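K.L.:
Heads up, the first sequence is in full-length UniProt numbering, so the first residue is 1 and it goes up one at a time. All C-beta atoms, glycine included, are put in the ideal place defined by N, C-alpha and C. It should be emphasised that the depicted structure is a prediction, and the values quoted were computed from it without experimental measurement. My structure is below; once you've seen it, I'll send some questions.
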Amino acid sequence: MTVVRVDENPAPDGENSPLDDEYVSADDEHVDDEDKETDSIDDYENPSGTPQMKKGPWSPEEDKRLKDYVEVHGAGNWNKVQQNARLNRCGKSCRLRWTNHLRPDLKKEPFNAEEEEKIIKLHIRRGPKWSMMASYLPGRTDNEIKNFWNTRKRRKQRCGSPLYPEYMLSQLSVPLNMMPVLKLKLQTYVQVQMLFSTPANVIQLLVFLILGSRIHH
DNA sequence: AAGATATCCAACCGCCGTCGA
DNA sequence: ATCGACGGCGGTTGGATATCT
1 MTVVRVDENP APDGENSPLD DEYVSADDEH VDDEDKETDS IDDYENPSGT
51 PQMKKGPWSP EEDKRLKDYV EVHGAGNWNK VQQNARLNRC GKSCRLRWTN
101 HLRPDLKKEP FNAEEEEKII KLHIRRGPKW SMMASYLPGR TDNEIKNFWN
151 TRKRRKQRCG SPLYPEYMLS QLSVPLNMMP VLKLKLQTYV QVQMLFSTPA
201 NVIQLLVFLI LGSRIHH
């Protein structure tokens with residue numbers, strides 16, 4: 001089975017995406033959608049003599065082997081990589097390395113304001129669904145977005161500013177029949193968040209819920 | 001300058017869903 | 001229906017680096 005993440009904005013024509021202000025149905029799950037190594041990568045064994053998968057940072061040589069493998073065989077069948085590319089890495093590790101660092105379409109620059117806004121909007125509406133977010137941000141990975149969000153969250157909490165900008169919350173309009181679902185999702189998420197959150201965040205959430213229900217009356 | 005502390009992020013882990021035998 | 005292999009996902013960890021004292 002080969003599943004390739006679609007990096008183009010995947011919302012089909014005519015369909016709403018979580019980024020649209022006019023939102024969507026409840027069941028719209030979008031996505032199916034310098035080297036410190038001194039030992040050879042070929043002879044990594046545990047004390048019992050059976051081959052052991054290597055862990056830790058990837059060396060340039062390992063990267064090259066993985067890249068070469070994917071160029072020839074394509075992405076997927078990751079457990080075959082260790083045989084065909086002679087890499088002592090488990091399939092998971094190979095997949096992660098490829099998707100997060102070696103894919104040619106990855107953006108290397110920091111997140112820009114537009115991307116940040118997209119992430120916030122998606123987080124408001126869907127919560128921490130990193131891979132779904134990645135499908136809306138070409139060239140970005142779920143891991144990257146997750147790290148970005150966690151860093152941002154800590155920063156906001158440190159300086160006591162709200163997680164979601166007020167203007168973004170007030171821009172949102174949510175169909176009335178979505179409110180219970182949204183409330184439930186938010187409640188679950190916020191219960192945890194609020195342990196460390198600020199009163200400002202609580203107020204914002206209330207404003208958000210009240211405005212959202214009024215808009216669609 | 002040096003040690004302590006904070007921050008970032010690459011990589012791992014465990015769980016879950018899907019698929020084919 | 002069951003089981004194992006595989007891949008995807010979100011949470012967490014720990015080493016490297018930056019900043020502070």
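Does the segment 103-121 come close enough to the segment 77-87 to have 3 or more Cβ pairs within less than 8 Å?
P.N.:
No: fewer than three Cβ pairs fall under 8 Å.
K.L.:
Rounded to whole angstroms, what is the Cα-Cα separation between G100 and D63?
P.N.:
In the sequence as presented, Gly is not what sits at residue 100; that position holds Asn. Taking the straight line joining both Cα atoms gives about 12 Å.
K.L.:
When the Cα of F111 is compared with those of K146, G127, W78 and N88, which residue comes out closest?
P.N.:
Comparing Cα-Cα distances from F111 to each of K146, G127, W78 and N88, the minimum goes to K146.
K.L.:
Between which two residues does the alpha helix (DSSP H) holding G139 run?
P.N.:
No alpha helix (DSSP H) holds G139; DSSP gives it neither H nor E.
K.L.:
In terms of residues, what are the limits of the alpha helix (DSSP H) holding R95?
P.N.:
G91 to R97
K.L.:
Which residue's Cα is closest to the Cα of I124: M168, K55, V70 and W78?
P.N.:
M168
K.L.:
For E109, which of helix, strand or coil comes out of DSSP?
P.N.:
coil
K.L.:
Would you kindly work out how many angstroms separate the C-alpha atoms of V70 and K55, rounded to a whole number?
P.N.:
20 Å
K.L.:
Going by CA-CA distance only, name the one from R95, Y136 and P104 that's closest to E115.
P.N.:
Y136
K.L.:
Give the straight-line distance between the Cα atoms of R65 and L106, rounded to the nearest whole angstrom.
P.N.:
19 Å
K.L.:
P162: buried (16+ other C-beta within 10 angstroms of its C-beta) or exposed?
P.N.:
buried
K.L.:
Tell me which residues share the same chain as K153 and place their Cβ nearer than 8 Å to its Cβ, disregarding the 5 neighbours each side in the sequence.
P.N.:
L163
K.L.:
For M133 and C159, I'd like the C-alpha separation in whole angstroms.
P.N.:
Taking the straight line from one Cα to the other gives about 26 Å.
K.L.:
Let me know the secondary structure DSSP gives L122 once reduced to three states.
P.N.:
Collapsing the DSSP output to three states places L122 in a helix.
K.L.:
Taking P128 as the reference, give the member of R155, L87 and E144 with the closest Cα.
P.N.:
E144
K.L.:
Is the beta carbon of R86 less than 8 Å from the beta carbon of W58?
P.N.:
no
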